[in-house]
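Asks: Dropping a structure here in structure tokens format, bear with me for questions.
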Amino acid sequence: EDQVTQSPEALRLQEGESSSLNCSYTVSGLRGLFWYRQDPGKGPEFLFTLYSAGEEKEKERLKATLTKKESFLHITAPKPEDSATYLCAVQEIGGSQGNLIFGKGTKLSVKP
Amino acid sequence: SQTIHQWPATLVQPVGSPLSLECTVEGTSNPNLYWYRQAAGRGLQLLFYSVGIGQISSEVPQNLSASRPQDRQFILSSKKLLLSDSGFYLCAWSVTGRSYEQYFGPGTRLTVT
């Protein structure tokens with residue numbers, strides 16, 4: 008069973024059409040939850056870290072929220088340049104040092 | 141500011157040939173360093189991490205090895221490549237003592253033929 012599950016696998020939006028990406032996790036103790044953006048053929052780019060339920064972080068059109076079981080990445084009025092794969096990762100308390108457990112990602116396409 | 145470099149960017153190697161991928165970090169001292177592999181349809185998989193020169197921990201048994209000969213240099217190697225070693229290899233770093241945010245390099249696309 009995957010410890011980090013992202014949904015949907017792919018999402019197509021029209022420019023300006025707001026939506027949310029989901030990341031659910033099943034680790035026993037959460038040290039931190041991380042969101043990354045990955046463009047094709049490139050390394051992931053760090054976006055946010057969330058540490059505790061109720062925490063929220065914002066950056067431009069992106070807003071990340073965290074509950075005890077999942078995180079959402081809200082995209083408000085997206086633009087074509089927001090098209091990318093968004094990766095979620097968790098770090099488990101007591102896990103191997105530095106071991107981030109990644110989900111498989113959500114591929115977002117924003118059409119003009 | 142910190143930057144991370146990986147080379148080569150792309151590599152095509154025959155089965156059974158050796159491998160050496162290099163990663164260097166600038167602008168920070170004594171970072172934690174990581175090697176990941178990203179295969180199609182799968183999440184990033186941690187292969188090795190290092191908290192200091194000569195200190196390497198392996199997360200999964202495999203055909204690969206890692207070394208850290210200098211503080212900001214991390215090398216991924218293989219003596220004989222397998223077809224299953226194909227993938228996108230990513231190096232990452234984080235601040236010592238805080239294995240929280242990790243920052244990734246541009247990656248190396250390895251194709252084993």
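Residue numbers (this note's numbering), protein chains in the order written: chain B, 8 to 119; chain E, 141 to 253.
Ideal placement from N, C-alpha and C gives every residue a C-beta, glycine not left out.
#1: Check whether the Cβ atoms of Ser226 of chain E and Thr251 of chain E sit closer than 8 Å, and answer yes or no.
#2: Per DSSP, what are the beta-bridge partners of Gln142 of chain E in this structure?
#3: Taking the continuous beta strand (DSSP E) assigned at Pro209 of chain E, which residues delimit it?
#4: Looking at the structure shown, is Glu52 of chain B part of a helix, part of a strand, or coil, going by DSSP?
#5: Do Asn170 of chain E and Gly194 of chain E have their CB atoms nearer than 8 Å?
#6: Taking 8 Å as the threshold (C-beta atoms), are Gly39 of chain B and Leu230 of chain E in contact?
#7: Determine the chain E residues that contact Thr56 of chain B at a beta-carbon separation under 8 Å, and present them in chain order.
#8: Are there 16 or more other CB atoms within 10 angstroms of the CB of Pro15 of chain B, so buried, or fewer, so exposed?
#9: Run through DSSP, which three-state label would Ser25 of chain B get?
#10: When the cut-off is 8 Å and only beta carbons count, does Arg182 of chain E lie next to chain B?
#11: Quick one: what's Glu77 of chain B bridged to in DSSP?
#12: Please decide whether Gly247 of chain E counts as near chain B, where near means a Cβ-Cβ distance under 8 Å.
#13: By the criterion of Cβ-Cβ separation under 8 Å, what are the contact partners of Gly110 of chain B in chain E?
#14: Apart from the five residues on each side of it in sequence, which residues of its chain come closer than 6 Å, Cβ to Cβ, to Val177 of chain E?
#15: Could you check the C-alpha separation between Ala232 of chain E and Leu18 of chain B for me, to the nearest Å?
#16: Could you check what DSSP says for Leu223 of chain E in three-state terms: helix, strand or coil?
Replies: In brief:
#1: As a working mapping, residue 226 of chain E is identified with position 86 in the second sequence. As a working mapping, residue 251 of chain E is identified with position 111 in the second sequence. Yes, Cβ-Cβ distance for Ser226 of chain E and Thr251 of chain E is below 8 Å.
#2: In the second sequence, residue 142 of chain E corresponds to position 2, counting from 1. Paired residue(s): none; Gln142 of chain E is not in a bridge.
#3: In the second sequence, residue 209 of chain E corresponds to position 69, counting from 1. From DSSP, the beta strand (DSSP E) with Pro209 of chain E extends over Ser205 to Gln210.
#4: In the first sequence, counting from the first residue as 1, residue 52 of chain B sits at position 45. Here Glu52 of chain B sits in strand by DSSP.
#5: Mapped onto the second sequence, residue 170 of chain E falls at position 30. Mapped onto the second sequence, residue 194 of chain E falls at position 54. No, Cβ-Cβ distance for Asn170 of chain E and Gly194 of chain E is not below 8 Å.
#6: As a working note, residue 230 of chain E is residue 90 in the second sequence. As a working note, residue 39 of chain B is residue 32 in the first sequence. No.
#7: In the first sequence, counting from the first residue as 1, residue 56 of chain B sits at position 49. Correct list: Tyr240 and Glu241.
#8: Residue 15 of chain B sits at position 8 when you count from the first residue of the first sequence. The residue is exposed, with fewer than 16 neighbouring Cβ atoms inside 10 Å.
#9: For this step, residue 25 of chain B is matched to residue 18 along the first sequence. Residue state for Ser25 of chain B is assigned as coil, using DSSP reduced to three classes.
#10: For this step, residue 182 of chain E is matched to residue 42 along the second sequence. So, interface residue.
#11: Residue numbering aside, residue 77 of chain B sits at position 70 when the first sequence is read from its first letter. Beta-bridge pairing links Glu77 of chain B to B:Ser31.
#12: Numbered from 1 along the second sequence, position 107 holds the residue referred to as residue 247 of chain E. Cβ-Cβ to chain B under 8 Å: yes for Gly247 of chain E.
#13: Here residue 110 of chain B is taken as the residue at index 103 of the first sequence, counted from 1. The contacting residues are Gly183.
#14: Here residue 177 of chain E corresponds to residue number 37 of the second sequence, with the count starting at 1. One detail in the question is off: residue 177 of chain E reads as Arg in this sequence, not Val. Gln185, Leu187, Gly227 and Tyr229.
#15: To locate residue 232 of chain E, count along the second sequence from 1; it is residue 92. To locate residue 18 of chain B, count along the first sequence from 1; it is residue 11. C-alpha separation (whole angstroms): 28 Å.
#16: Locating residue 223 of chain E in the second sequence gives position 83, counting from the first residue. Looking at Leu223 of chain E - three-state DSSP - the assignment turns out to be helix.
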